[in-house]
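Engineer:
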Amino acid sequence: MSLLTALVARGPVVLAEYQAPGGRRDFTQATQTILSKIPPNDSKLTYVWDQYLFHYISEGGFVYLVMADEAAGRKTPFAFLVDLQRRFTELPSSSSAVLSSTPAHGLQGSFSPTIASLMHTYNTSPPADEVARAQAELNHVKDIMVKNVEQILSRGERIELLVDKTDTMAIQATAFRRGARTVRRQMWWKNSKVMALSVLVVLFLLYVLVAQFCGAALQCAA
28 MSLLTALVAR GPVVLAEYQA PGGRRDFTQA TQTILSKIPP NDSKLTYVWD QYLFHYISEG
88 GFVYLVMADE AAGRKTPFAF LVDLQRRFTE LPSSSSAVLS STPAHGLQGS FSPTIASLMH
148 TYNTSPPADE VARAQAELNH VKDIMVKNVE QILSRGERIE LLVDKTDTMA IQATAFRRGA
208 RTVRRQMWWK NSKVMALSVL VVLFLLYVLV AQFCGAALQC AA
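Per the working numbering, the very first residue in the sequence shown carries number 28; after that it's consecutive.
1. Would Ala131 and Val41 qualify as a contact pair, given that the criterion is a beta-carbon distance under 8 Å?
2. My output table needs one value for Ala47: the three-state DSSP class, helix, strand or coil.
3. Is the CB-CB distance between Tyr149 and Thr209 below 8 Å?
4. Counting along the chain, where does the alpha helix (DSSP H) carrying Asp110 start and finish?
5. Just reading off the alpha helix (DSSP H) that Ala57 is part of, what are its end residues?
6. Would you tell me roughly how many angstroms separate the C-alpha atoms of His147 and Met214, rounded to the nearest one?
7. Can you tell me the Cα-Cα spacing of Ser29 and Met222, whole angstroms?
8. Taking Leu126 as the reference, which of Ala33, Val90, Leu230, Trp76 has the closest Cα?
9. Looking at C-alpha atoms only, which residue of Met94, Thr60, Gly88, Pro67 is the closest neighbour of Leu108?
10. Let me make sure I understand the geometry here. Which of Gly49, Asp77, Arg37 has the alpha-carbon closest to that of Gln286?
11. Excluding five sequence neighbours on each side, which residues of the same chain lie with their C-beta closer than 6 Å to the C-beta of Asp170?
12. If you count every other CB in all the chains shown that lies within 10 Å of the CB of Thr1, and 16 or more means buried, which is it?
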């Protein structure tokens with residue numbers, strides 16, 4: 028899966044968002060931090076955090092952001108963002124006057140399904156013409172920079188993201204240890220069964236050997 032989570036925001040206020048199912052980490056803290064650092068002027072940028080890339084388009088006071096795997100590159104995510112922006116501006120309620128008073132997640136119910144549908148499309152069979160258009164724009168627009176998230180964070184924000192990351196790693200480590208114990212227990216039972224079966228086989232062979240000389244009743248003559 029390439030595109031993992033996407034949102035539309037008015038400045039730092041998230042209006043609608045969607046996270047692909049099966050995600051093992053919560054990126055709310057990271058996305059909120061990035062949204063708070065996006066300048067008010069129109070811009071396009073990619074932020075790098077761990078193995079993830081946060082791509083965004085900021086235009087007219089609204090931010091269109093998608094988080095993707097590093098392997099997704101930049102063509103598909105930016106093509107997705109352009110399509111997302113177009114769908115959002117086509118909404119009947121997309122005027123600045125209306126959206127200026129929309130509360131956080133005020134469009135979650137109406138626009139989140141659109142984000143989900145677009146994400147599914149671009150994760151499975153992205154439109155070739157949209158991707159080609161995004162590539163052409165990436166080739167000609169020079170202000171689409173790539174920055175590391177660490178460059179925009181204060182010390183406190185770095186600690187918050189590090190704690191979030193550490194908590195996730197701790198949860199994963201606990202799950203790994205629990206799984207390891209389960210595997211060890213299963214292996215112990217398997218080895219015990221093999222040992223018990225081996226003992227039974229040896230006893231049976233001894234019985235057969237003795238029975239050849241003493242009979243089935245094991246009554247050997249003096």
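Cβ atoms here follow ideal geometry from the backbone N, Cα and C, with glycine treated the same way.
Structural biologist: With the given structure in hand:
1. Taking the first residue of the sequence shown as 1, we reach residue 131 at position 104. Taking the first residue of the sequence shown as 1, we reach residue 41 at position 14. Yes, the Cβ-Cβ distance between Ala131 and Val41 is below 8 Å.
2. Start at 1 with the first residue of the sequence shown, and residue 47 comes out as number 20. Coil.
3. On the sequence shown, position 122 is the one that residue 149 refers to. On the sequence shown, position 182 is the one that residue 209 refers to. Taking 8 Å as the Cβ cut-off, Tyr149 and Thr209 do not qualify as a contacting pair.
4. Against the sequence shown, residue 110 aligns to sequence position 83. Counting along the chain, the alpha helix (DSSP H) containing Asp110 begins and ends at 102-116.
5. Along the sequence shown, read from residue 1 onward, the residue named residue 57 stands at position 30. Its alpha helix (DSSP H) spans residues 55-64.
6. For the purposes of this step, residue 147 is identified with residue 120 of the sequence shown, where counting begins at 1. For the purposes of this step, residue 214 is identified with residue 187 of the sequence shown, where counting begins at 1. Roughly 41 Å between the two C-alpha positions.
7. Residue 29 sits at position 2 when you count from the first residue of the sequence shown. Residue 222 sits at position 195 when you count from the first residue of the sequence shown. Using only the alpha carbons, I get a separation of about 48 Å.
8. Numbered from 1 along the sequence shown, position 99 holds the residue referred to as residue 126. That would be Val90, whose Cα lies nearest to the Cα of Leu126.
9. Within the sequence shown, the letter at position 81 stands for residue 108. Residue Met94 is the option with its Cα nearest to Leu108.
10. A question about residue 286 goes unanswered here, because the residues of the chain that appear run from 28 up to 249.
11. Working through the sequence shown from its first residue, we reach residue 170 at position 143. Caution applies to Asp170, whose pLDDT of 46 falls short of 50 and renders its modelled position unreliable; the value that the coordinates give is listed next. So no residue of the chain qualifies.
12. Beyond the ends of the chain as shown, which are 28 and 249, falls residue 1; an answer cannot be given.
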